[in-house]
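S.K.: Per the working numbering, residue 1 is the first one in the sequence shown, and the count goes up by one each step. Glycine included, C-beta positions come from ideal geometry on N, C-alpha and C. Predicted model only: the values in this text are computed from it and were never measured.
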Amino acid sequence: MARIIGGIARGCPIRVPPGGGTRPTSDRAREGLFNTLASLVELRGARFADLYAGSGAVGLEALSRGASHVLFVDRSAAAVRTLRANAAALGFTGVEILFRSVQRVVEIMPERAFDVVFLDPPYALSDSALTSVLAGLIAGAWLQPDGVCVVERSRRGGPPVWPDGIITIRNRAYGEGVLWYGSGS
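1. For a quick check, are the C-beta atoms of Leu130 and Pro122 less than 8 Å apart?
2. Use the C-beta contact count for Glu188: other C-beta atoms within 10 angstroms, 16 or more gives buried, fewer gives exposed.
3. What residue from Val150, Glu31, Gly94, Pro24 has the CA that sits closest to Ala46's CA?
4. Would Arg30 and Ala57 qualify as a contact pair, given that the criterion is a beta-carbon distance under 8 Å?
5. Give the secondary structure of Thr82 by DSSP, where H, G and I count as helix, E and B as strand, and everything else as coil.
6. Pick out the complete beta strand (DSSP E) segments inside the stretch 4 to 54, 3 residues or longer, and give them in chain order.
7. Taking the beta carbon of Asp50 as the centre, do at least 16 other beta carbons fall within 10 Å, making it buried, or is it exposed?
8. For Cys190, which of Ala139, Ile167, Arg155 has the nearest alpha-carbon?
9. Going by DSSP, name the residue or residues bridged to Ala2.
10. Span of the beta strand (DSSP E) holding Leu137?
11. Measuring CB to CB, does Val41 end up less than 8 Å from Gly59?
12. Counting along the chain, where does the alpha helix (DSSP H) carrying Val58 start and finish?
13. Tell me the DSSP bridge mates of Ser154?
14. When you compare only the Cα positions, how much space is there between Ser55 and Val116?
15. Skipping 5 residues on each side, what residues in its chain have a beta carbon closer than 7 Å to that of Val102?
16. Using a Cβ-Cβ cut-off of 6 Å (strictly less than) and excluding sequence neighbours within five positions of Ala9, which residues of its own chain qualify?
17. Tyr174 and Thr36: beta carbons closer than 8 Å?
18. Could you tell me which residues DSSP pairs with Leu119 in its beta bridges?
What follows is the structure, encoded as structure tokens:
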């Protein structure tokens, strides 16, 4: 079972959706993610988006570390049920959960202005589909001008193709996954 690794809910368990369709971000990768984010943005009071959220481990970690609002988006009914249960068990406020495709949410909900947008799409998601979502984030003003966008992808794949408006700032590998960091320019 996964757990929150930092902040006010440190050590609290997080359920994972049944079946093999969800690949939660590992504790090690989440630790690295939040250590890196701490050097890039102020998490206390931040607005955070967890896209392709699955169990919600990353967004719940953000709330535990002081984010004021997290938008979770996933199109899997099992993932959304598990995410709702996890959020309720932890008792966080500032939780918004959407049961929809990420692509559709990005298209219909512009101007969200997040400090951090985290995307952990299925490794099978095509590069072109990911590029389309990233372009939609910029076109829809989802990222604050000094915000950070992080994409988790398989080590076997290449880096995301950042649209104009996001510049690459770094990447880090954790096991099978790589976290790619971009910043609003």
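M.R.: Taking the structure as given:
1. no
2. This structure cannot settle anything about residue 188, because the visible part of the chain is limited to 1 through 185.
3. Gly94
4. yes
5. helix
6. 47 to 51
7. buried
8. Given a span of 1 to 185 for the chain in the structure shown, any question on residue 190 remains unanswerable.
9. Ile14
10. Taken as a continuous stretch (DSSP letters only), Leu137 belongs to no beta strand (DSSP E), being part of the alpha helix (DSSP H) at 127 to 139.
11. no
12. 57 to 64
13. Gly177
14. 18 Å
15. Leu51, Tyr52, Val73, Val133
16. Ser64, Leu90
17. no
18. Leu51, Val151
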